[in-house]
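For what it's worth, the numbering used here labels the leading residue of the sequence shown as 1, then goes sequentially.
All C-beta atoms, glycine included, are put in the ideal place defined by N, C-alpha and C.
All values derive from a computational prediction rather than experimental measurement.
Take a look at the structure below.
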Amino acid sequence: GGTLPSRFIFTSHNFDRSLSPVHLRRKSAQSVSYYALFQGWLLLGKPPGCLCTPTSVNFVPRISFEYTGSLLKIAYSTMVEVDFNLPDQCWEYIFTFLNDGGDGEHNHRYLKSLSVVSKEFLSITNRLRLSLTICVPTRPFIHRLFKRFTNLTSLDLTCFNSDLNALLSQISCFRLNLTSLNISNQPTIPAIGLRAFSKKITTLTSLICSNIESVYSTDLFLIAECFPFLEKLDLSNPKVFVNQNHISFLHGLDVLSSSLLKLRKINLSGHCYVNDSSLLHLCKNGEFLEEVIMDNCWSILSRHGIVSAIQERRKTLRSLSIRFRSSEVNDIISSYFIDSLVSLKGLTSLDLSFSLISDELLTSIAMAGLPLRRLVLQSCSGYSYVGIFSLLSKRQSIQHLDIQRTEFLNDHHVVNLSLFLGSLVSINLSVCENLTNLALFALVRNCPSLSEISMEYTAIGKESTENSNSLMDFVVNPRIKSLHLAGNSFLRDESITMFASMFPNLQLLDLNKCYGISEEVPKLKVLNLSYTSVDDETLYVISKNCPGLLQLSLERCINVTTKGVNHVVKNCMQLREINLEYCYKVFVNIVPMHGVKDGLVFMRLPISLVKMPYIICRTELTD
1 GGTLPSRFIF TSHNFDRSLS PVHLRRKSAQ SVSYYALFQG WLLLGKPPGC
51 LCTPTSVNFV PRISFEYTGS LLKIAYSTMV EVDFNLPDQC WEYIFTFLND
101 GGDGEHNHRY LKSLSVVSKE FLSITNRLRL SLTICVPTRP FIHRLFKRFT
151 NLTSLDLTCF NSDLNALLSQ ISCFRLNLTS LNISNQPTIP AIGLRAFSKK
201 ITTLTSLICS NIESVYSTDL FLIAECFPFL EKLDLSNPKV FVNQNHISFL
251 HGLDVLSSSL LKLRKINLSG HCYVNDSSLL HLCKNGEFLE EVIMDNCWSI
301 LSRHGIVSAI QERRKTLRSL SIRFRSSEVN DIISSYFIDS LVSLKGLTSL
351 DLSFSLISDE LLTSIAMAGL PLRRLVLQSC SGYSYVGIFS LLSKRQSIQH
401 LDIQRTEFLN DHHVVNLSLF LGSLVSINLS VCENLTNLAL FALVRNCPSL
451 SEISMEYTAI GKESTENSNS LMDFVVNPRI KSLHLAGNSF LRDESITMFA
501 SMFPNLQLLD LNKCYGISEE VPKLKVLNLS YTSVDDETLY VISKNCPGLL
551 QLSLERCINV TTKGVNHVVK NCMQLREINL EYCYKVFVNI VPMHGVKDGL
601 VFMRLPISLV KMPYIICRTE LTD
C-alpha cells in the first residue's frame, strides 16, 4: 500500500484498501488521484468504462534484484504508463466512496484533503458537500458558503447562540433545496424565522428541534402550518412547557398529526402530556409512519393505549421506542400486549429502556422471527439470562445491542452470547459491574463486524486468574474504531498499551474518570482524558504519537500546565477542539494556537481565567 509513482501503475502492486485518505496529505497530487482511482474500482467491482479510456498506454518492463544471504533473487514486473482524462462524474463516484467511509463528520476532512489537489478537484468536492454547520463566526460568510456549496441539503444551527430568527430570515433569501434543518439546543423555537424560512424554502422534509429550553403549544400549530410535507420531526426532550395546560398541547399535537400526512418518523420523548388518545390519533393519521419514539412519557400512557396505537400501524411500523408505565412492582405483561408487539412483522428497531419486561416477551419476539437489527434494553427489569439468550440465539442479525445496567450479566454470559453476534456493529455493556477483560476479549474475537464498544463503569482491567489466561489468546481487530471505557478504576497504563496493539485503527478512546491512567495512549482522533492524572510529560508523548488528534478533553487534569498544552498545540496539527476546564495551571497566553494549521479551533478554558466558554482562533469556512 505504498505511494504509487507519478504517472505509473505497477501491475504486480498489491494495493491496500485500508489506506486512509488522511495519509494522502503527505503524498503527491498524482498519488492522490491514483489512490482515489483504485478505491473507485473497488467500489464498483470492476473498472467502469470511463475509467478504461486512457489517451495513451505504454508498457515498461522492470527488473529488480534482491540479495538474501548467498542467494540472488531476480523479480520481473511491468509498469504501465497511463495518461488518464477522466470526466468529473467518475471522480464524483470515487470521492463519494471516500466520503462515505463510516467516520461521520470527520469525512469532510477527507474532501478537504482532495480539494487541494487541483482546481478541478476543488470544484468537484464543493459539489459533493451536502451539509453545513453554521456558528456565530460563520454568519458573515454564509453568502460565500452558499455560493461555493451549491448542493447543500442539510443545515445544522445547533451551535448558533445568537439571533436565530434573523439568521433563518437571512437564509431564506438564498435559493436552496434544503431537506433537513436542525435548530436544537435553543432557548425557544424561532417562530418568526421559521415562518420566513418556510415561505421561500418549501423542500424541507426533516425538522429537528431537540432540547429546546421553553416550548409553547403555539409551536406545534406553527410547525403544522409551515411544514406540511415533513417526513421526520424531532421535538424531543423540551425543558419546560411554558404557561400552558396539557389540553392546549394535546390540541396542538392533534393538529400536527392531522396536518403532517407524509410523516414517517416522530420523536416526542419528554412530552409527558401525551395520553393514550393522542397517541392513537397520531398512529391513525400517520399512514406512512415507520418510527415512533416516546421515551419518558410513561406518566399518562398505559400499555393498553400503546397496544391500541401500534395495532393501527402494524404494517408500516419499523422502529418503536417506548417505555411502559408499571403501576405495581409485580405488574405482569399480558399476552395481549406480547401478541400485539410481535405482530409488527417489519420491526427492525426496538427500544424498551427502563421498562418492566419478561423472559416470555423476549422469547416470543425470538420465535416471531422479527427482522430486528437494533435492540435496546437499557435498565430493563423483570427478565433474566434465559430470555436474552433465547432472543439473541435465534435473532442473529442484530447489529446494535444496548443492554447496559443488566445486573445479572457476567463474563461467561457475554462469552456465550458473543457466539451469536456475528453481525454486531456496536454494543453497550456499561454499568454491568461484573464484566472484565474476559468479556471484552470474547466480543473482539467472536464479533468480526464490531466497530464500537461501550463498557463504562465495569471491571475492565481488574486482575484475576481467568483474565491472565485470556491475555494469551487475545486477537487483533482492526475494525474497532471507538472504545468507551470511562469510569474503569482498575485500568492501568499497561492495559492502554495492550488496547493499542489490539485495535490499531482506534479513533476514539474515552478514559474519562479512569484515575489509574497516566502514560502513553494510542494514535487517535478523539481523546478524552478528563479527571485523570496525566501531566506535561504524558501530553508530550501524546503529541508525538497522535499527530492526527482532532479533539482533546483534559477537564480537571490538575497536573497539566501551559507547557504541556503547548506541546499538543504545536505537534497536533489537525487539532480542532481542546477542553481545559478546571486546569488551573494553564494560562491564557497559549490562546494564539501557534502550531495549529487551518481549521476552526475551539478552546474551553478554566472558568477562573475567562468568562466566555469558547475562544475562537482562526476560522475554517467549510466547517
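From which residue to which residue does the alpha helix (DSSP H) around residue i run?
i    : result
T538 : D536 to N545
Q170 : L164 to I171
H281 : D276 to N285
L250 : H246 to S259
N446 : N437 to N446
N126 : K119 to L128
L341 : S335 to V342
Please classify residue i as buried or exposed, where buried requires at least 16 other C-beta atoms within 10 Å of its C-beta.
i    : result
K481 : buried
K239 : exposed
H143 : exposed
R405 : buried
K199 : exposed
E213 : exposed
E463 : exposed
Q89  : exposed
R175 : exposed
T150 : exposed
M367 : exposed
K544 : exposed
K112 : buried
L289 : buried
F95  : buried
T436 : buried
S454 : buried
H304 : exposed
G599 : Model confidence at G599 stands at a pLDDT of 41, short of 50, so the residue's coordinates are unreliable; what they give is reported in the following sentence. That one is buried.
F160 : buried
T202 : exposed
Have a look at the DSSP bridge pairing and note the partners of residue i.
i    : result
L692 : Limits of the chain in this structure are 1 at one end and 623 at the other, which puts residue 692 out of reach.
N428 : D402 and S454
S214 : T188 and V240
L181 : L155 and L207
T96  : According to DSSP, which records beta bridges pairwise, T96 is partnered with nothing at all.
R374 : S349 and H400
H484 : S454 and D510
S381 : L356
K585 : T561
In terms of alpha-carbon separation, which member of the options lies closest to residue i?
i    : options                   : result
Y336 : S353, R318, S364 and S321 : S364
L207 : C226, H251 and L181       : L181
D536 : I517, N559 and S553       : N559
L220 : T202, T188 and T203       : T188
A625 : C272, L527 and S418       : Residue numbering for the chain in the displayed model covers 1 to 623; residue 625 lies beyond these limits and cannot be assessed.
Y385 : R374, K394, I398 and N410 : N410
P190 : L145, C226 and S343       : C226
E433 : N446, I403 and L233       : I403
E494 : G516, S123 and L128       : G516
G461 : M498, V476, S426 and I427 : M498
C396 : V414, S423, H412 and E452 : Here residue 396 turns out to be Gln, not Cys, going by the sequence shown. Ranking the options by Cα distance to Q396, first place goes to S423.
L268 : N488, N571 and E291       : E291
T316 : H567, K284, E407 and V444 : K284
V376 : L352, F503 and T538       : L352
Check the Cβ-Cβ distances between residue i and every residue of chain C, and say whether any is below 8 Å.
i    : result
T179 : No chain C is present in this structure, which holds just one protein chain.
Expressed to the nearest angstrom, what Euclidean distance is found between the alpha-carbon atoms of residue i and residue j?
i    : j    : result
F249 : T218 : 8 Å
C135 : L370 : 43 Å
F490 : V431 : 14 Å
L347 : S115 : 42 Å
C557 : Q551 : 15 Å
R492 : V534 : 12 Å
P21  : L506 : Interpretation of P21 is limited by its pLDDT of 39, a score under 50 that renders its predicted location unreliable; the figure taken from the coordinates is listed afterwards. The straight-line gap from Cα to Cα measures roughly 16 Å.
F141 : L168 : 14 Å
Q311 : L204 : 29 Å
K147 : R129 : 12 Å
E456 : K525 : 20 Å
F8   : K394 : Its pLDDT being 36, under 50, F8 is placed unreliably in this model, and the coordinates cannot settle the point.
I625 : L362 : It is not possible to answer for residue 625, since the shown part of the chain is limited to 1 through 623.
In terms of residues, what are the limits of the beta strand (DSSP E) holding residue i?
i    : result
N528 : V526 to N528
N477 : Looking at the DSSP string, N477 is not in any beta strand (DSSP E), and its letter there is neither H nor E.
I201 : Unbroken run through I201: none, as it is neither H nor E.
K265 : K265 to N267
T497 : No beta strand (DSSP E) contains T497, which is instead part of the alpha helix (DSSP H) from D493 to M502.
K232 : K232 to D234
L132 : S131 to T133
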